[in-house]
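Here the structure is laid out as structure tokens; the discussion comes afterwards.
In this note's numbering, the protein residues as written are 22 to 274.
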């Protein structure tokens, strides 16, 4: 008997929350050049550079079209690493440079954090669509008319569109969210904030590595790829929560 009234009351609240977050998303996407066009430029440059490098390898006498060549070419992580670096930097900018303006316009810190997370998710969806489209073009053209592997690579699922979708979306959202928490920590603590996060992250990674070394073989044998997806979701959520926590007491610079 109580479920229906609660649901009815929750809908206006959800609508009001969305109406508060939407202006933050629009504010972020006013910088479409940085959020949408520059990543396309990075992808395009990486595509050209990857083709040039693989063309040089082919002309050095490597047998193209063999299983060995395909296996080696699929080790190319260029497009993933090149884009991830930019996305982290963009995540920093979406918080550090936009928060003062949003606060001046009356946006609450909670709404800004949620709106920024939504912006990062939408940007990740856009990039995922681009990656899926580029993989399709690569396969349709016989790997860019010359057996050049750029999107059909192991780190992106080796031509599996489902794996590519998951990796591109979670990877992009994680990179943007990590950048966001770095930007928020800078607003809260200045240069000490990002430094503290970096030192803590390195310390945690070192402890995990040292703890798993004695049983590394067993861990490697039991490893499942979905562990990485779970870790990405957890780190994204932690970054979003951290961004809000830092912004709660951050000064408007």
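Just so you know, even glycine gets a beta-carbon here, dropped at the ideal spot from N, CA and C.
Between residue 120 and residue 190, the alpha-carbon positions lie close to 24 Å from each other.
When the beta-carbon positions are compared, residue 267 and residue 220 stay at least 8 Å from each other. In this structure, residue 193 sits away from residue 260, with a CB-CB distance that is not shorter than 8 Å. Boundaries of the alpha helix (DSSP H) around residue 242: 237-243. Within the same chain, and ignoring the five residues on either side of residue 104 in sequence, the residues whose Cβ sits closer than 7 Å to its Cβ are 60, 63 and 64. Residue 169 carries a coil assignment under DSSP once its states are collapsed to helix, strand and coil. Under the three-state reduction of DSSP output, residue 97 falls in the coil class, being neither helix nor strand.
Taking C-beta atoms as the reference points, residue 263 and residue 200 fail to come closer than 8 Å. Counting only the Cα atoms, residue 145 lies some 24 Å from residue 122. The shortest CA-to-CA distance from residue 58 to any of 74, 107 and 92 is the one to 107. In this structure, DSSP gives residue 71 a helical state, which the three-state scheme calls helix.
Residue burial is scored here from C-beta neighbours: residue 226 has fewer than 16 other C-beta atoms within 10 angstroms and is therefore classed as exposed.
Shown here, residue 263 sits in a helix according to DSSP, grouped into three states.
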